[in-house]
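A.B. asks: To start, I am sharing the structure in question, which I have written as structure tokens.
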Amino acid sequence: ATICHTLQSCFVACHGLEICGGYKRHTDESEDFRRITIFSLGGLLGQYVTNTALLHGAQVTAYVPDAKVIWPRKNLTVIEGSLQNRERVLEALLEADAVISVLTPMRVKHVKEEETPLADGNAMILSAMKQLGKTRFVTVGHVCIHAFGDCEDKYQRMSTKFMQIFWPGVYKDMQKMGQVLARSDLNWTLVRTCAGRDGKVKKVGQNCSISLDGSQFRPGYSREALAEFLYEAAADQQMYSRKMPIFYREG
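Read left to right, the sequence shown gives residues 175 to 425 (our numbering).
Here's what the structure looks like:
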């Protein structure tokens with residue numbers, strides 16, 4: 175674990191990251207980044223990501239199943255639709271420089287174990303992006319999605335085991351999501367997370383950080399800090415490109 179943490183520290187130092195807003199923030203945001211499409215199911219994380227993008231001055235298109243969950247604001251276009259509606263998904267992507275998908279299991283009812291709505295939703299978005307020639311895609315998933323090089327410390331192993339036992343449908347969905355991303359030739363980033371005890375996230379003041387191998391992973395995170403990280407990753411074409419960083423709380 176010490177070796178893994180040393181490699182992670184070297185990566186952070188070499189890629190110009192600094193402590194900002196509760197996580198190590200990349201310092202080189204693209205000047206050409208202007209328009210972003212955010213896919214969500216109407217949950218809190220989607221709201222935080224939308225607010226963050228607007229605060230950064232981006233032109234935002236929010237794609238949600240129910241438009242009433244988002245209040246109208248300047249520079250915000252809301253499109254209501256299902257992730258199975260390809261025409262609507264294509265419409266939402268037409269002007270996008272980058273895409274953030276925050277489809278989270280808390281907003282989906284897995285009626286049958288064989289259903290994988292989160293993975294299928296992201297697969298639809300990726301397919302539509304490829305059709306339009308769009309490339310930058312950032313999404314979130316659970317730490318039970320294992321990536322090459324993971325140290326798999328006790329917290330990651332425990333989180334995975336709990337998911338397998340108590341939420342087998344979500345676990346299967348997450349595994350398929352990882353496979354969908356790994357097979358894609360787009361410029362994607364899958365940010366893995368795990369909620370803290372009783373599913374509650376930590377306060378904004380709690381510092382958060384990033385691990386590429388899970389060596390320092392702890393359950394819990396701040397939604398505000400995660401939203402900021404997702405936006406920064408979308409704005410930077412090279413930030414964790416085709417990687418699966420773990421976003422976690424420190425301490």
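All residues carry an ideal CB built from backbone N, CA and C; glycine is no exception.
If you're wondering where the values come from, they're calculated on a predicted model, not measured in any experiment.
Tell me where the beta strand (DSSP E) around residue 275 begins and ends.
C.D. replies: In the DSSP annotation of this structure, the continuous segment of the beta strand (DSSP E) that includes residue 275 starts and ends at 272–276.
A.B. asks: Less than 7 Å between C-beta atoms, sequence neighbours within five positions excluded: which residues of the same chain meet that for residue 222?
C.D. replies: 397, 398 and 401
A.B. asks: Figure out for me which residue from 369, 384 and 292 has the closest Cα to the Cα of residue 353.
C.D. replies: 292
A.B. asks: Might you give, ordered along the chain, the residues of its own chain that have their beta carbon closer than 6 Å to the beta carbon of residue 216, omitting 5 neighbours on each side?
C.D. replies: 238, 240 and 243
A.B. asks: Of the residues 278, 321 and 277, which one's Cα is nearest the Cα of residue 418?
C.D. replies: 321
A.B. asks: Mind checking whether residue 296 and residue 277 have CB atoms under 9 Å apart?
C.D. replies: yes
A.B. asks: Whether or not the stretch 335–351 and the stretch 302–309 are in contact is what I'm after, with contact meaning three or more pairs of Cβ atoms, one per stretch, closer than 8 Å; do they touch?
C.D. replies: no
A.B. asks: Quick check on the DSSP output: the alpha helix (DSSP H) that includes residue 366 runs from which residue to which?
C.D. replies: Run containing residue 366: none in the alpha helix (DSSP H); it sits in the beta strand (DSSP E), 361–367.
A.B. asks: Find the nearest neighbour of residue 245 within the set 262, 229, 256 and 224, judged by alpha-carbon distance.
C.D. replies: 224
A.B. asks: So, helix, strand or coil for residue 232, using DSSP?
C.D. replies: coil
A.B. asks: Helix, strand or coil, according to DSSP, for residue 208 in the structure here?
C.D. replies: coil
A.B. asks: Please tell me whether, using a cut-off of 8 Å, the distance from the CB of residue 225 to the nearest non-hydrogen atom of the ligand MG is below it.
C.D. replies: As for the ligand MG, it is missing from this structure, which has no ligand bound.
A.B. asks: Let's test the definition: count the other Cβ atoms within 10 Å of the Cβ of residue 205 and tell me whether it reaches 16, buried, or not, exposed.
C.D. replies: Confidence at residue 205 is low in this model, with a pLDDT of 49, below 50, so the placement of that residue should be treated as unreliable; the coordinate-derived value is given next. Its Cβ having fewer than 16 others within 10 Å, residue 205 is exposed.
A.B. asks: Check whether the Cβ atoms of residue 365 and residue 312 sit closer than 9 Å, and answer yes or no.
C.D. replies: Result yes, Cβ atoms of residue 365 and residue 312 sit closer than 9 Å.
A.B. asks: Please classify residue 347 as buried or exposed, where buried requires at least 16 other C-beta atoms within 10 Å of its C-beta.
C.D. replies: Buried, by the Cβ-count rule.
A.B. asks: When the distance is taken between beta carbons, is residue 383 closer than 9 Å to residue 422?
C.D. replies: Closer than 9 Å, so yes.
A.B. asks: For residue 251, which residues from the same chain have a beta carbon less than 6 Å from its beta carbon, with the 5 sequence-adjacent residues on both sides left out?
C.D. replies: The residues are 235.
A.B. asks: Kindly indicate which residue of 232, 391, 338 and 381 has the alpha-carbon position closest to the one of residue 272.
C.D. replies: Looking from the CA of residue 272, the closest CA among 232, 391, 338 and 381 belongs to 232.
A.B. asks: Would DSSP call residue 215 helix, strand or coil?
C.D. replies: The DSSP-derived three-state label of residue 215 is coil.
A.B. asks: Suppose contacts are defined by Cβ-Cβ distances below 9 Å. Is residue 230 in contact with residue 405 by that definition?
C.D. replies: yes
A.B. asks: With a threshold of 16 other CB atoms inside 10 Å of the CB of residue 315, please say whether the residue is buried or exposed.
C.D. replies: buried
A.B. asks: Measure how close the beta-carbons of residue 408 and residue 253 come, nearest whole angstrom, since I'm counting them as under 8 Å.
C.D. replies: In fact, because the Cβ distance is near 18 Å, the residues do not count as touching under 8 Å.
A.B. asks: For residue 332, does the count of other Cβ atoms within 10 angstroms reach 16, so buried, or fall short, so exposed?
C.D. replies: It counts as exposed.
A.B. asks: Give the straight-line distance between the Cα atoms of residue 381 and residue 327, rounded to the nearest whole angstrom.
C.D. replies: Roughly 20 Å between the two C-alpha positions.
A.B. asks: For my contact list, residue 336 and residue 275 are in at a C-beta cut-off of 8 Å; report their separation, rounded to the angstrom.
C.D. replies: With 8 Å as the limit, residue 336 and residue 275 do not qualify as a contact, their Cβ atoms being about 24 Å apart.
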